[in-house]
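Notes to accompany the following structure.
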Amino acid sequence: MRYYLRNPKTKAISAASLVPPALQEDTQLYARITKMCALRETMRERLKAQSKTEELNRVGPIISAIQAYLSELHWYISYLESNPEAFKGVPNIEFIWKSAMISRLQDKVNIARQYIAPRNTGDSDSNAQGPGAASRLLGGPKQRRTQSSSIYMELGFTLQTLAVTKCMNAYSRIATLDTEIECETINIMTPGLRVVTEEEGEQGVEALKRASAELREAAGVFEYVIEHVLPQIRYMRMSVPDLMPEVQHMLQTLALADSDRLSVRVWLRSDKNQRKTPNMPANLLLGIQERYNSAYSSLRTLQGGEFRNASSDIQNYMRDGQRVILAQAMIYLAQVHSDNQKFGNAVGFMRDARELLIDVKKRNQSVHVSTASMLLNGPLEPLYSLYRRNNDTIGFESIPSSDDLRARLPSGRTLLSKPVPYAPA
137 MRYYLRNPKT KAISAASLVP PALQEDTQLY ARITKMCALR ETMRERLKAQ SKTEELNRVG
197 PIISAIQAYL SELHWYISYL ESNPEAFKGV PNIEFIWKSA MISRLQDKVN IARQYIAPRN
257 TGDSDSNAQG PGAASRLLGG PKQRRTQSSS IYMELGFTLQ TLAVTKCMNA YSRIATLDTE
317 IECETINIMT PGLRVVTEEE GEQGVEALKR ASAELREAAG VFEYVIEHVL PQIRYMRMSV
377 PDLMPEVQHM LQTLALADSD RLSVRVWLRS DKNQRKTPNM PANLLLGIQE RYNSAYSSLR
437 TLQGGEFRNA SSDIQNYMRD GQRVILAQAM IYLAQVHSDN QKFGNAVGFM RDARELLIDV
497 KKRNQSVHVS TASMLLNGPL EPLYSLYRRN NDTIGFESIP SSDDLRARLP SGRTLLSKPV
557 PYAPA
């Protein structure tokens with residue numbers, strides 16, 4: 137799978153700027169802050185290197201670097217909070233971060249931007265020409281930036297970077313299984329068309345479980361930012377929306393929704409006796425689709441024009457993701473109605489699923505194109521022909537309109553995936 141965000145990047149800082157004049161003679165304190173800044177520089181360099189490639193399978197060292205720096209950053213904030221008077225003389229340091237979801241360049245959707253980029257940011261990678269430098273997947277080669285002297289903004293962006301990198305790592309675990317995993321419906325609804333061996337299937341289940349767990353860990357980091365960091369910066373005005381509550385809730389919801397998607401595939405593939413009815417996966421998928429819809433609504437309600445500035449990739453990911461998941465749910469619902477000899481409804485649900493997938497397939501840049509293509513080329517067309525033939529020869533029922541069928545959709549059943557709480561080291 138491909139990811140819809142860029143990893144945030146940052147600028148270097150010096151240890152001297154973090155030590156107040158009153159404590160300059162404390163050699164132990166100065167040494168520890170110097171160590172913290174060195175860890176931050178390691179993190180910064182690894183983030184910068186990763187930003188020049190689309191490969192997600194090399195983010196493990198980045199996670200280690202972020203966690204090492206966060207351990208010291210939490211210590212520094214705790215020390216600062218316990219010695220507020222001593223830190224009053226700290227120089228006015230500026231932490232600079234680049235957004236994970238805003239590009240300064242025009243995306244292909246050709247949406248005007250509210251913010252004007254500075255002519256010269258002094259950014260050494262502003263003209264990067266790496267393999268992923270101009271990737272549409274990454275939302276353009278330049279990321280918008282913001283800056284502040286707040287240590288809590290520094291903490292918020294560092295934690296968001298950890299969460300984003302964990303999501304990237306989760307998707308890298310299943311990248312080579314994309315075709316089969318995304319189209320588990322093929323195996324359930326057309327059991328004669330198996331595309332993996334039993335051994336490969338077991339390996340795939342373990343990869344799905346690990347990826348699902350890491351997405352829940354990422355959701356836990358977003359939750360920590362919401363509960364413990366955002367209250368500290370609620371009155372701060374930033375030029376990018378990353379640390380707005382709506383964005384953090386949106387990213388947390390997406391991480392949990394994708395964790396649910398993987399959990400459903402584990403559940404389906406683990407059901408070797410085929411005892412489960414199509415009702416259950418349909419309801420689970422509808423619940424996931426509702427989570428996607430909730431995340432998309434959060435993005436659209438952002439104030440100040442950030443929705444129009446957000447990379448089109450994150451918008452497309454949510455919009456097309458909703459369509460693909462709804463289409464999969466409709467395929468199962470069509471089987472439910474066919475089993476109950478309601479052939480008109482079965483044809484209608486398959487028709488609507490087909491239209492949704494064709495629409496996604498037309499969007500060449502969508503990360504869901506391969507999923508839509510595999511569903512169209514797999515179970516959908518044979519089943520659609522079967523249901524139409526049954527209705528023409530047995531049922532003779534009228535086919536409901538799309539609006540009527542949408543009104544009949546059952547309520548989704550939400551999975552019990554919850555964020556894994558983040559605990560500062």
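Each residue of the sequence shown is one higher than the one before, starting from 137 at the first, in our numbering. C-beta: ideal position from N, C-alpha, C; glycine also.
Unbroken alpha helix (DSSP H) runs of length 4 or more, entirely within the segment 478-510: which are they? As far as the segment 478-510 is concerned, its whole alpha helix (DSSP H) runs of at least 4 residues are 479-497.
Is the CB-CB distance between Ala431 and Met386 below 9 Å? Numbered from its first residue, the sequence shown carries residue 431 at position 295. Numbered from its first residue, the sequence shown carries residue 386 at position 250. Taking 9 Å as the Cβ cut-off, Ala431 and Met386 qualify as a contacting pair.
Excluding the five sequence neighbours on either side, which residues of its own chain have a C-beta within less than 6 Å of the C-beta of Ala393, listed in chain order? Start at 1 with the first residue of the sequence shown, and residue 393 comes out as number 257. Cβ-Cβ distances below 6 Å link Ala393 to Ile424, Arg427 and Tyr428 in the same chain, with the five nearest sequence neighbours on each side left out; the list follows chain order.
What residues in its chain sit with their C-beta under 6 Å from that of Val383, if we drop five residues either side in the sequence? If you number the sequence shown from 1, residue 383 lands on position 247. When the five nearest sequence neighbours on each side are left out, the beta carbons in the same chain lying within less than 6 Å of the beta carbon of Val383 are those of Pro377, in order along the chain.
Distance, Cα to Cα, Glu363 vs Ser534? Within the sequence shown, numbered from 1, the residue matching residue 363 stands at position 227. Within the sequence shown, numbered from 1, the residue matching residue 534 stands at position 398. For Glu363 and Ser534, the distance between alpha carbons rounds to 52 Å.
Report the rounded CA-to-CA distance for Glu318 versus Val460, giving the unit in angstroms. For the purposes of this step, residue 318 is taken as residue 182 along the sequence shown, with counting starting at 1. For the purposes of this step, residue 460 is taken as residue 324 along the sequence shown, with counting starting at 1. Reliability fails at Glu318, whose pLDDT of 37 lies under 50, so the model's placement of it is uncertain and no value is given.
Should Thr294 be labelled buried (16 or more other beta-carbon atoms within 10 Å of its own) or exposed? The residue labelled residue 294 in the question sits at position 158 within the sequence shown. Around the beta carbon of Thr294, a 10 Å sphere encloses 16 or more other beta carbons of the protein chains shown; the residue is thus reported as buried.
Helix or strand or just coil, what does DSSP make of Asn143? Here residue 143 is taken as the residue at index 7 of the sequence shown, counted from 1. Correct three-state label for Asn143: coil.
Would you mind working out which of Arg309, Leu165 and Gln283 sits nearest Ala151, comparing C-alpha positions? Residue numbering aside, residue 151 sits at position 15 when the sequence shown is read from its first letter. Ala151 has its Cα closest to that of Leu165, out of Arg309, Leu165 and Gln283.
Give the DSSP bridge partners of Ser284, in chain order. Numbered from its first residue, the sequence shown carries residue 284 at position 148. Secondary-structure assignment with DSSP links Ser284 through a beta bridge to Phe231.
Can you name the start and end residues of the alpha helix (DSSP H) that Thr389 belongs to? The residue you call residue 389 lines up with position 253 of the sequence shown. Pro381 to Ser406 is the span of the alpha helix (DSSP H), which, as asked, contains Thr389.
Could you check the C-alpha separation between Asn476 and Ile530 for me, to the nearest Å? Against the sequence shown, residue 476 aligns to sequence position 340. Against the sequence shown, residue 530 aligns to sequence position 394. Whole-angstrom Cα-Cα distance: 13 Å.
Going by C-alpha distance, which of Glu177, Met374, Met304 and Val341 is nearest Gly292? The sequence position of residue 292 within the sequence shown is 156, counting from 1. Answer by Cα proximity: Met374.
Does Met179 come out as helix, strand or coil in the three-state DSSP assignment? Against the sequence shown, residue 179 aligns to sequence position 43. In this structure, Met179 counts as helix in the three-state DSSP scheme.
Just to confirm, is the Cβ distance from Leu545 to Ala465 under 9 Å? Position 409 of the sequence shown, counting from 1, holds the residue named residue 545. Position 329 of the sequence shown, counting from 1, holds the residue named residue 465. In terms of Cβ geometry, Leu545 and Ala465 form a close pair [threshold 9 Å].
Would you kindly work out how many angstroms separate the C-alpha atoms of Ser395 and Glu221, rounded to a whole number? Reading the sequence shown from its first residue, position 259 is the one you call residue 395. Reading the sequence shown from its first residue, position 85 is the one you call residue 221. Cα to Cα, Ser395 sits roughly 45 Å from Glu221.
How about Ser509: is its C-beta nearer than 9 Å to some C-beta of chain C? Absent from the structure: chain C. Only one protein chain is present.
Cα-Cα separation between Glu290 and Arg397, rounded to whole angstroms: Here the question's residue 290 lines up with position 154 in the sequence shown. Here the question's residue 397 lines up with position 261 in the sequence shown. Each residue's Cα considered, the two are about 32 Å apart.
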